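Numbered according to the numbering used here, the first sequence terminates at residue 497, and the numbering increases by one at each position without gaps.
All C-beta atoms, glycine included, are put in the ideal place defined by N, C-alpha and C.
Just so you know, these numbers come straight off a predicted model, no measurement behind them.
To keep things clear, I will list the structure first and then write my remarks on it.
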Amino acid sequence: MSVRLHDTLAGAVQPLEPLEPGHVRIYSCGPTVYGPAHVGNFRSFLFADVLVRYLRWRGLRVTWVMNLTDVDDKIIRGAAAESIGIDALAERHIAGFLADAATLRMTMPDVLPRATAHIPQMVALVEALLERGHAYRTEDGSIFFRIASWPTYGRLARLDPDAMRVGERVAADEYSKDDARDFVLWKAAKPGEPSWETAIGSGRPGWHLECSAMSMAYLGESFDIHTGGVDLIFPHHEDEIAQSEAATGAPFVRTWLHCAHLQMGGRKMAKSEGNIAGVSDLLATGLAPRALRYALIAAHYRTGLSFSDESVSAAAAAVARLDALVAALLGYHGEGPDDPGLPAAIAGARAAFGVAMDDDLGISAALAAVFDLVRDLNRRIAARSLSGADAARALDALRDLDRVLGLLPDPAEPPLEADLQVLLDERAAARSARDWAASDHLRDALAARGILVEDSRDGQRWRRAGTPADA
RNA sequence: GGCGACGUACCCAAGUGGUUAAGGGGGAGGUCUGCAAAACCUCUAUGCGUGGGUCCGAAUCCCACCGUCGCCUCCA
């Protein structure tokens, strides 16, 4: 049994065979930090996160690089609009991105390279391309990649370069070039724009060049996996392949993984469509971060995923189901012997989970395996067939699968606030005194503070509400 | 115009040739409970866009049609 992934270039699912056995090198196109990332962006980042988590769960070593594009037209425009430097604008949005990523439990990449810190590597790449005749300089000092010099151009996107609608959409570029389809590697300095003095002239890098330089700087000329949204297939990744392989002569990436768009209102979520939802905006409404994470990762990465109020509340309910089980297991007091059926139930769930995820990250089937286990455990709890040690084992099993999913409540998360704990204690006292009026009143008071209290044979248990509607 | 996906219940979404079509949400009924919540049980697609075809057998393969979306442009 091995991990199989769908390679865009091959157009097929193939076994993952790392160049270095046991070590997977992954590059993910990260955010361009000109504004806050929206949840559509995060679908793709979290897809990469789940990939990394899963490979590690399978025992593979992973080196994960995600770039931060901190110089491009939009950043320059945005900074100019605020009369600040691009660094200041980028810093602000990098901070926002990292905060959102942490909130959504995205694994921290091993390296988060910034484009502006890798200008020398980019320059070296352009020099190699100039030397090999794959690039040319125009009158203003800009440098372009000559697509005509690269016969396999268009393979990734399955586009015929000759059939591209030049003139309609590629249209008049502000830089003159030999062929309208050629893409820019290096943009000559312009007044009012940031630029770097380098061996290839004064200017700034083109976007595609940045990713080639940064990925190869940390992962080598050839590496295993490159991820991004489907919208990056063309031209971004197509251009990366052309310029990287033309410069090094080595195959660039073994497996291209592309995440489908998040849909909102029947269309892809994108700033240009005007249907974006920011992470922090959503969380500000009281939506639990874990519910948002669930909503973004629960569907297979290659299928469009609908994002809506309904999908979010369904996600919150699903997470609440997990929370309720964790709370029940934590509060479980079992005096009896071990449940003889438990080990098989856990092993079965784990196996089904692995089979599903091995098959091109089939997370829907993997979640089904998790929820089958949830039902099974709930039955055993209701039947009181678990021992105390069993409850701990069951929780360990859930947490093990959750290394991939990142959905369970954090065990290190804050104990109850002191004043709320007082209310809870008072309620326990009221209950033992059979003072139902006081007990119910305290339950309402706690609910108003976002704490859901439930009574069970093991006594009171509480958990935090996942959405404002819960409270 | 070219290329590529997709259309499964009220919603989201698995399933890519073979017993009863996963799972989550929602809804209905029931059990448990001081009440509530949670949990559990039962029910909620004889059918998988439509029409043909191949096959002993198709949601799954082929053809046509209808519809939706994406890429060909900045975009995760």
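Inset, instruction - Quick one: using the 10 Å Cβ neighbour count with 16 as the cut-off for buried, is residue 197 buried or exposed? - result: Locating residue 197 in the first sequence gives position 171, where the first residue counts as 1. Reliability fails at residue 197, whose pLDDT of 41 lies under 50, so the model's placement of it is uncertain and no value is given.
Inset, instruction - Report the rounded CA-to-CA distance for residue 181 versus residue 379, giving the unit in angstroms. - result: Mapped onto the first sequence, residue 181 falls at position 155. Mapped onto the first sequence, residue 379 falls at position 353. Rounded to whole angstroms, residue 181 to residue 379 spans 34 Å at the Cα level.
Legend entry - Cutoff 6 Å; reference residue 136; Cβ partners in own chain excluding five residues on either side: Working through the first sequence from its first residue, we reach residue 136 at position 110. Here the set comprises 89 and 90.
Inset, instruction - Measure the C-alpha to C-alpha separation of residue 366 and residue 274 and round it to an integer number of angstroms. - result: If you number the first sequence from 1, residue 366 lands on position 340. If you number the first sequence from 1, residue 274 lands on position 248. Spanning the two alpha carbons is a distance of roughly 59 Å.
Legend entry - Stretch-stretch touch, CB-based, cutoff 8 Å, three pairs: the segment 153 to 166 with the segment 93 to 111: The segment 93 to 111 and the segment 153 to 166 do not touch, with fewer than three beta-carbon pairs separated by less than 8 Å.
Inset, instruction - Determine, using beta carbons only, whether residue 355 and residue 310 come nearer to each other than 9 Å. - result: Sequence index remark: in the first sequence, residue 355 carries index 329 (1-based). Sequence index remark: in the first sequence, residue 310 carries index 284 (1-based). For residue 355 and residue 310, no; Cβs fall outside 9 Å.
Legend entry - Distance, residue 123 Cα to residue 63 Cα: For the purposes of this step, residue 63 is identified with residue 37 of the first sequence, where counting begins at 1. For the purposes of this step, residue 123 is identified with residue 97 of the first sequence, where counting begins at 1. If you take the alpha carbons of residue 63 and residue 123, they lie about 7 Å apart.
Inset, instruction - Could you say if the segment 250 to 267 and the segment 173 to 189 meet the contact criterion of at least three C-beta pairs nearer than 8 Å? - result: Contact between the segment 250 to 267 and the segment 173 to 189 is present: three or more C-beta pairs spanning the two stretches fall below 8 Å.
Legend entry - Cross-strand partners of residue 95 (DSSP beta bridge): Along the first sequence, read from residue 1 onward, the residue named residue 95 stands at position 69. Answer is 58, bridged to residue 95.
Inset, instruction - Using beta-carbon positions only, say whether residue 318 and residue 78 come within less than 9 Å of one another. - result: Residue mapping note: residue 318 aligns to position 292 of the first sequence, counting from 1. Residue mapping note: residue 78 aligns to position 52 of the first sequence, counting from 1. Going by C-beta atoms, residue 318 is not nearer than 9 Å to residue 78.
Legend entry - Where residue 242 falls: helix, strand or coil (DSSP): By 1-based counting over the first sequence, the position of residue 242 is 216. Three-state DSSP puts residue 242 in a helix.
Inset, instruction - Please state if the CB of residue 327 and the CB of residue 484 are separated by a distance shorter than 9 Å. - result: In the first sequence, residue 484 corresponds to position 458, counting from 1. In the first sequence, residue 327 corresponds to position 301, counting from 1. Inclusion of residue 484 and residue 327 in the CB contact set at 9 Å is not warranted, their separation being larger than that value.
Inset, instruction - Measure from the alpha carbon of residue 92 to the alpha carbon of each residue in 236, 480 and 312, then state which is nearest. - result: Within the first sequence, the letter at position 66 stands for residue 92. When each option's Cα is compared against that of residue 92, the closest is 236.
Legend entry - Expected contact under 8 Å - CB spacing of residue 278 and residue 267 to nearest Å: Within the first sequence, residue 278 is the residue found at index 252, counting from 1. Within the first sequence, residue 267 is the residue found at index 241, counting from 1. Contact flag correct, Cβ pair sits at about 5 Å.
Legend entry - Rounded Cβ spacing between residue 72 and residue 130 (contact assumed at less than 8 Å): Counting from 1 along the first sequence, the entry for residue 72 is found at position 46. Counting from 1 along the first sequence, the entry for residue 130 is found at position 104. Contact flag correct, Cβ pair sits at about 6 Å.
Legend entry - Beta-carbon spacing of residue 214, residue 229 below 9 Å: By one-based count along the first sequence, residue 214 stands at place 188. By one-based count along the first sequence, residue 229 stands at place 203. Yes, the Cβ-Cβ distance between residue 214 and residue 229 is below 9 Å.
Legend entry - Through-space distance from residue 243 to residue 190, alpha-carbon basis: To locate residue 190, count along the first sequence from 1; it is residue 164. To locate residue 243, count along the first sequence from 1; it is residue 217. Each residue's alpha carbon lies about 32 Å from the other.
Legend entry - beta strand (DSSP E) runs contained entirely in the segment 208 to 281, provided each spans 3 or more residues: As for any beta strand (DSSP E) of minimum length 3 sitting wholly inside the segment 208 to 281, the runs are 209 to 214, 222 to 224, 227 to 231 and 249 to 255, ordered along the chain.
Legend entry - Straight-line gap, residue 409 to residue 303 (C-alpha atoms, nearest Å): Here residue 409 is taken as the residue at index 383 of the first sequence, counted from 1. Here residue 303 is taken as the residue at index 277 of the first sequence, counted from 1. If you draw a straight line from the Cα of residue 409 to the Cα of residue 303, it comes to about 44 Å.
Inset, instruction - Specify the secondary structure class of residue 176 as computed by DSSP and reduced to three states. - result: To locate residue 176, count along the first sequence from 1; it is residue 150. Residue 176 carries a coil assignment under DSSP once its states are collapsed to helix, strand and coil.
Inset, instruction - Sort 486, 344 and 407 by Cα distance to residue 364 and report the nearest one. - result: As a working note, residue 364 is residue 338 in the first sequence. Of all alpha-carbon atoms in 486, 344 and 407, the one lying nearest the alpha-carbon of residue 364 is that of 407.
Legend entry - Close-in-space but distant-in-sequence residues of the same chain around residue 54 (CB under 6 Å, 5 per side omitted): Here the question's residue 54 lines up with position 28 in the first sequence. The residues 74, 92 and 253, in chain order, have a CB closer than 6 Å to that of residue 54 in the same chain once the five nearest residues on each side in sequence are set aside.
Inset, instruction - Could you tell me the distance, in whole angstroms, from the CA atom of residue 162 to the CA atom of residue 153? - result: Translated into positions along the first sequence, residue 162 becomes position 136. Translated into positions along the first sequence, residue 153 becomes position 127. Rounded to the nearest angstrom, the gap between the Cα atoms of residue 162 and residue 153 is 10 Å.
Legend entry - Contact check, residue 477 vs residue 456, beta carbons under 9 Å: Here the question's residue 477 lines up with position 451 in the first sequence. Here the question's residue 456 lines up with position 430 in the first sequence. Contact: no.
Legend entry - Contacting residues, own chain, Cβ-Cβ under 8 Å from residue 175 (five flanking each side not counted): Taking the first sequence and counting its residues from 1, one reaches residue 175 at position 149. Contacts found: 159, 160 and 272.
Inset, instruction - Using alpha carbons as the reference points, say which of 351, 290, 465 and 282 lies closest to residue 31. - result: Taking the first residue of the first sequence as position 1, residue 31 is located at position 5. Of the residues 351, 290, 465 and 282, the one whose Cα lies closest to the Cα of residue 31 is 282.
Legend entry - Which listed residue (150, 68, 52 and 479) has its alpha carbon closest to that of residue 288: To locate residue 288, count along the first sequence from 1; it is residue 262. That would be 68, whose Cα lies nearest to the Cα of residue 288.
Inset, instruction - Compare the C-alpha of residue 368 against each of 400, 44, 342 and 337 and name the closest. - result: For the purposes of this step, residue 368 is taken as the residue at position 342 of the first sequence. Measuring from the Cα of residue 368, the nearest candidate turns out to be 400.
Legend entry - Unbroken beta strand (DSSP E) run spanning residue 480, endpoints: Within the first sequence, residue 480 is the residue found at index 454, counting from 1. Segment 477 to 482, the beta strand (DSSP E) holding residue 480.
Legend entry - Alpha-carbon to alpha-carbon, residue 270 and residue 193: Taking the first residue of the first sequence as 1, we reach residue 193 at position 167. Taking the first residue of the first sequence as 1, we reach residue 270 at position 244. Bear in mind that a pLDDT of 43 at residue 193, under 50, signals an unreliable position, so the number given afterwards is only what the model happens to contain. Just so you know, the alpha carbons of residue 193 and residue 270 end up roughly 27 Å apart.
Legend entry - Backbone secondary structure at residue 33 - three-state DSSP: Counted from its first residue, the first sequence places residue 33 at position 7. In the three-state DSSP reduction, residue 33 falls in the strand class (E or B).
Inset, instruction - Give the DSSP-derived three-state secondary structure of residue 385 in the structure shown. - result: For this step, residue 385 is matched to residue 359 along the first sequence. Correct three-state label for residue 385: strand.
Legend entry - Option nearest residue 323 by Cα separation, candidates 57, 125, 132 and 292: Your numbering for residue 323 matches position 297 in the first sequence. Residue 323 has its Cα closest to that of 132, out of 57, 125, 132 and 292.
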